[in-house]
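Participant: Residue numbers (the numbering used here), protein chains in the order written: chain A, 1 to 205; chain B, 206 to 406.
C-beta atoms are modelled at their ideal positions from N, C-alpha and C, and glycine is treated no differently.
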Amino acid sequence: MKSLLSLFFAAWLAVAPALAQEVSPDALVRQVTEDVLTVVRQDKDIQGGSTRKAIELVDAKVLPYFNFQRMTALAMGRDWNKATPEQKKRLSEEFKTLLVRTYANSLTSYRNQTVVYKPTRIQPDDPHVVVKTEIVQPGSKPVQLDYTLEKQGDSWKVYDVIVAGVSLVTNYRDTFNNEVRNNGIDGLIPMLANRNRQLEAGTRK
Amino acid sequence: MFAVNEALDVVIKPVAQGYDAAAPLPLKVAISNFFGNIWDSWTAVNNLLQGKPGDAVSDVGRVLINSTIGIGGAFDVAGEMGLTKHSEDFGQTLGKWGVGDGPYFYWPIIGPRTTRDTFGWMVDVYVDPVWHVYHTDDMALRNSMVAVHYINLRASLLPADKVVEEAAFDKYDYIRDAYLQHRRSEIFDGALPHEVLDDER
Numbered sequence: 001m002k003s004l005l006s007l008f009f010a011a012w013l014a015v016a017p018a019l020a021q022e023v024s025p026d027a028l029v030r031q032v033t034e035d036v037l038t039v040v041r042q043d044k045d046i047q048g049g050s051t052r053k054a055i056e057l058v059d060a061k062v063l064p065y066f067n068f069q070r071m072t073a074l075a076m077g078r079d080w081n082k083a084t085p086e087q088k089k090r091l092s093e094e095f096k097t098l099l100v101r102t103y104a105n106s107l108t109s110y111r112n113q114t115v116v117y118k119p120t121r122i123q124p125d126d127p128h129v130v131v132k133t134e135i136v137q138p139g140s141k142p143v144q145l146d147y148t149l150e151k152q153g154d155s156w157k158v159y160d161v162i163v164a165g166v167s168l169v170t171n172y173r174d175t176f177n178n179e180v181r182n183n184g185i186d187g188l189i190p191m192l193a194n195r196n197r198q199l200e201a202g203t204r205k
Numbered sequence: 206m207f208a209v210n211e212a213l214d215v216v217i218k219p220v221a222q223g224y225d226a227a228a229p230l231p232l233k234v235a236i237s238n239f240f241g242n243i244w245d246s247w248t249a250v251n252n253l254l255q256g257k258p259g260d261a262v263s264d265v266g267r268v269l270i271n272s273t274i275g276i277g278g279a280f281d282v283a284g285e286m287g288l289t290k291h292s293e294d295f296g297q298t299l300g301k302w303g304v305g306d307g308p309y310f311y312w313p314i315i316g317p318r319t320t321r322d323t324f325g326w327m328v329d330v331y332v333d334p335v336w337h338v339y340h341t342d343d344m345a346l347r348n349s350m351v352a353v354h355y356i357n358l359r360a361s362l363l364p365a366d367k368v369v370e371e372a373a374f375d376k377y378d379y380i381r382d383a384y385l386q387h388r389r390s391e392i393f394d395g396a397l398p399h400e401v402l403d404d405e406r
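Below is the structure:
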């Protein structure tokens, strides 16, 4: 009986850490990428350029792993601190809509590329990590696609996506800073909102 | 100048779209490989100039293998064998040597370039093997090579069109900022540290 108990105990010791361990950032990126590509490979509408269907896919599979508040902060740089909590919420909402669309549009251009996951160096105490992948396509140089993630509690969230060295987030820095300089935070919110409305109207057609 | 290019693209884009739709994928890949192979020799020189002899040797190996086994560069056999393709040009070499960006321009046809990269581009064109390999009196052949080269190049950019079109508030600004980020990353061969959030905001 005693030996049986100790056997259970040993088994529990072996299993428990695996259960408690959170998903590592590189495993997360790989899992989400593969989930998304599995759908895209089978969806003729998305391959045919349906932004609407691609947005639905991103909403369902990618959104939970992105931290849009952090993305908005990174895009705005120093201006972020000038916003009130209410403004921050609205800015993040609008920027999220725009980024989801950008991400979705890039999915519609998928043509049989494969993704290579590069080894990720994770420092135990560093809450930030860059996961590097490569989009391989015949006839051209592979395109680097990197994700910057941040640890929040037990889970990792993406807060920057960098395509061929171009951050989809910080590429807006100058535009946003200019708008805030000229018209303040209260100018930036409608600028984002109008753009989203305009694009949404275009999609419905 | 930006407007000039947007107007030119009204003509060039449909040609590229037609090419993209009509040419089967293996043909497009072979054409890209063919021009890529010619460029690889110039990449090798630039890697040498940037103090990366290992990469330069690998690039020379690529040209030798692809020009022979790869049937004149149509197949990237060397890539399959593990010799990674690099992408270097003289602008990057100047950047590596510490030459700053200088003012940014949007040129007709050739598009966005910093002053440094404009100068680099002129050197690139001067040595561009496409002009020399077809060192021939047959101007028609050479000109059609150049035309195919650029139409193929434009076709490869088609998927990015809609992304940029919808992501940008101002297309000119968006392309400028992306170009500057992209070149900075290329000069450092992608090893530039990404910006992280510095404080808890």
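(1) Using a Cβ cut-off of 7 angstroms, which residues of the stretch 120-139 of chain A contact any Cβ in chain B, in chain order?
(2) Skipping 5 residues on each side, what residues in its chain have a beta carbon closer than 8 angstroms to that of residue 205 of chain A?
(3) Pop quiz: residue 303 of chain B and residue 321 of chain B are said to be a contact at Cβ under 8 angstroms. What is the actual Cβ separation, rounded to whole angstroms?
(4) Report back the beta-carbon spacing between residue 180 of chain A and residue 168 of chain A to the nearest angstrom; my notes put them in contact at under 8 angstroms.
(5) Scan the stretch 388-400 of chain B for residues whose Cβ lies nearer than 9 angstroms to a Cβ of chain A and list them as they occur along the chain.
(6) Take every Cβ of the stretch 325-332 of chain B, pair it with every Cβ of the stretch 69-84 of chain A, and state whether three or more of those distances are shorter than 8 angstroms.
(7) Quick one, which residues of the stretch 260-275 of chain B are near chain A if we go by CB-CB under 7 angstroms, in chain order?
(8) Nearest chain A C-beta to residue 374 of chain B closer than 7 angstroms, yes or no?
(9) Hey, is the stretch 117-133 of chain A in contact with the stretch 47-57 of chain A, meaning 3+ C-beta pairs nearer than 8 angstroms?
(10) Among residues of its own chain, excluding the 5 on either side of residue 260 of chain B, which ones have a beta-carbon nearer than 7 angstroms to its beta-carbon?
(11) In angstroms with no decimal places, state the Cα-to-Cα distance between residue 230 of chain B and residue 222 of chain B.
(12) For residue 116 of chain A and residue 146 of chain A, what's the separation of their Cα atoms in angstroms?
(13) Grouping DSSP H, G and I as helix and E and B as strand, with all else coil, what is residue 80 of chain A?
(14) Within its chain, find whatever has a CB closer than 6 angstroms to the CB of residue 208 of chain A; leave out the 5 residues flanking it on each side and keep chain order.
(15) In three-state terms, what does DSSP make of residue 49 of chain A?
(16) If you follow the beta strand (DSSP E) that residue 114 of chain A is part of, which residue opens it and which one closes it?
(17) Would you mind reading off the limits of the beta strand (DSSP E) that contains residue 310 of chain B?
(18) Could you check how far apart the C-beta atoms of residue 275 of chain B and residue 265 of chain B are, in whole angstroms? I think they sit under 8 angstroms.
(19) Could you tell me whether any Cβ in chain B is nearer than 7 angstroms to the Cβ of residue 148 of chain A?
(20) Distance cutoff 7 angstroms, beta carbons only. Does residue 141 of chain A sit that close to anything in chain B?
(21) With three or more C-beta pairs closer than 8 angstroms as the rule, is the stretch 235-244 of chain B touching the stretch 149-169 of chain A?
(22) With 8 angstroms as the C-beta to C-beta threshold (strictly closer), list the residues of the stretch 154-168 of chain A near chain B in chain order.
(23) Which residue marks the beginning of the alpha helix (DSSP H) containing residue 41 of chain A, and which one marks its end?
(24) Which partner residues of residue 167 of chain A appear in the DSSP bridge assignment?
(25) Classify residue 63 of chain A as buried or exposed, calling it buried when 16 or more other Cβ atoms lie within 10 Å of its own Cβ.
(26) Residues of chain B with CB closer than 7 angstroms to the CB of residue 174 of chain A, please, in chain order.
(27) In the structure shown, what three-state DSSP assignment does residue 149 of chain A receive?
(28) Where does residue 123 of chain A land, buried or exposed, given buried means 16+ other C-beta within 10 angstroms?
(29) Would you report the Cα separation of residue 30 of chain A and residue 133 of chain A, rounded to the nearest angstrom?
(30) Can you check whether the C-beta of residue 368 of chain B is within less than 7 angstroms of a C-beta belonging to chain A?
(31) Listed from N- to C-terminal order along the chain, which residues in the stretch 217-241 of chain B have their beta-carbon within a distance smaller than 9 angstroms of any beta-carbon of chain A?
(32) Should residue 17 of chain A go down as buried or exposed, given a rule of 16 or more other Cβ atoms within 10 Å for buried?
Facilitator: Looking at the atomic coordinates:
(1) 128, 130, 138, 139
(2) As a first step, residue 205 of chain A is located in the first sequence; it is residue number 205 there, counting from the start. Since pLDDT at residue 205 of chain A reaches only 49, below the 50 mark, its modelled position is unreliable, and no value is offered.
(3) Here residue 303 of chain B corresponds to residue number 98 of the second sequence, with the count starting at 1. Here residue 321 of chain B corresponds to residue number 116 of the second sequence, with the count starting at 1. About 10 angstroms separates the two Cβ atoms, so there is no contact after all.
(4) Indexing the first sequence from 1 puts residue 180 of chain A at position 180. Indexing the first sequence from 1 puts residue 168 of chain A at position 168. Not really, about 20 angstroms apart at Cβ, beyond 8 angstroms.
(5) Using a CB distance below 9 angstroms, the part of the stretch 388-400 of chain B facing chain A consists of 388, 389, 390, 391, 393, 395, 397, 398, 399, 400, ordered along the chain.
(6) no
(7) Residues of the stretch 260-275 of chain B with a C-beta less than 7 angstroms from any C-beta of chain A: none at all.
(8) For this step, residue 374 of chain B is matched to residue 169 along the second sequence. Judged by the 7 angstroms Cβ criterion, residue 374 of chain B is in contact with chain A.
(9) By the criterion of at least three beta-carbon pairs nearer than 8 angstroms, the stretch 117-133 of chain A is not in contact with the stretch 47-57 of chain A.
(10) Numbered from its first residue, the second sequence carries residue 260 of chain B at position 55. Taken in chain order, the residues that qualify are 252, 291.
(11) Here residue 230 of chain B corresponds to residue number 25 of the second sequence, with the count starting at 1. Here residue 222 of chain B corresponds to residue number 17 of the second sequence, with the count starting at 1. If you take the alpha carbons of residue 230 of chain B and residue 222 of chain B, they lie about 13 angstroms apart.
(12) Your numbering for residue 116 of chain A matches position 116 in the first sequence. Your numbering for residue 146 of chain A matches position 146 in the first sequence. Each residue's Cα considered, the two are about 11 angstroms apart.
(13) Start at 1 with the first residue of the first sequence, and residue 80 of chain A comes out as number 80. Of the three classes helix, strand and coil, the one that applies to residue 80 of chain A here is helix, per DSSP.
(14) Coverage of chain A is limited to positions 1 through 205, which leaves residue 208 of chain A absent and any answer about it impossible.
(15) Counting from one through the first sequence, the residue named residue 49 of chain A turns up at place 49. Of the three classes helix, strand and coil, the one that applies to residue 49 of chain A here is coil, per DSSP.
(16) As a position in the first sequence, residue 114 of chain A is number 114, starting the count at 1. Its beta strand (DSSP E) spans residues 114-117.
(17) Locating residue 310 of chain B in the second sequence gives position 105, where the first residue counts as 1. Looking at the DSSP string, the run of the beta strand (DSSP E) that includes residue 310 of chain B is 309-312.
(18) Counted from its first residue, the second sequence places residue 275 of chain B at position 70. Counted from its first residue, the second sequence places residue 265 of chain B at position 60. Not quite, the Cβ-Cβ distance comes to about 14 angstroms (not below 8 angstroms), so this is no contact.
(19) Against the first sequence, residue 148 of chain A aligns to sequence position 148. Chain B, which has a Cβ nearer than 7 angstroms to the Cβ of residue 148 of chain A, makes this yes.
(20) For this step, residue 141 of chain A is matched to residue 141 along the first sequence. So, interface residue.
(21) no
(22) 159, 160, 162, 164, 165, 166, 167, 168
(23) Translated into positions along the first sequence, residue 41 of chain A becomes position 41. Per DSSP, residue 41 of chain A belongs to the alpha helix (DSSP H) from 25-42.
(24) Residue 167 of chain A sits at position 167 when you count from the first residue of the first sequence. In the DSSP output, where bridge partners are listed per residue, residue 167 of chain A has A:162.
(25) Locating residue 63 of chain A in the first sequence gives position 63, where the first residue counts as 1. Residue 63 of chain A comes out exposed.
(26) Reading the first sequence from its first residue, position 174 is the one you call residue 174 of chain A. In chain order: 378, 382.
(27) Residue mapping note: residue 149 of chain A aligns to position 149 of the first sequence, counting from 1. Strand, per DSSP.
(28) Taking the first sequence and counting its residues from 1, the one referred to as residue 123 of chain A is at position 123. Per the 10 Å Cβ criterion, exposed.
(29) For the purposes of this step, residue 30 of chain A is taken as residue 30 along the first sequence, with counting starting at 1. For the purposes of this step, residue 133 of chain A is taken as residue 133 along the first sequence, with counting starting at 1. Taking the straight line joining both Cα atoms gives about 9 angstroms.
(30) Taking the first residue of the second sequence as position 1, residue 368 of chain B is located at position 163. For residue 368 of chain B, the answer is yes, since a Cβ of chain A falls inside 7 angstroms of its Cβ.
(31) So the list reads 230, 231, 233, 234, 235, 236, 237, 238, 241, given in the order they occur along the chain.
(32) Within the first sequence, the letter at position 17 stands for residue 17 of chain A. Confidence at residue 17 of chain A is low in this model, with a pLDDT of 48, below 50, so its placement is unreliable and the value that follows should be read with caution. Under this definition residue 17 of chain A is an exposed residue.
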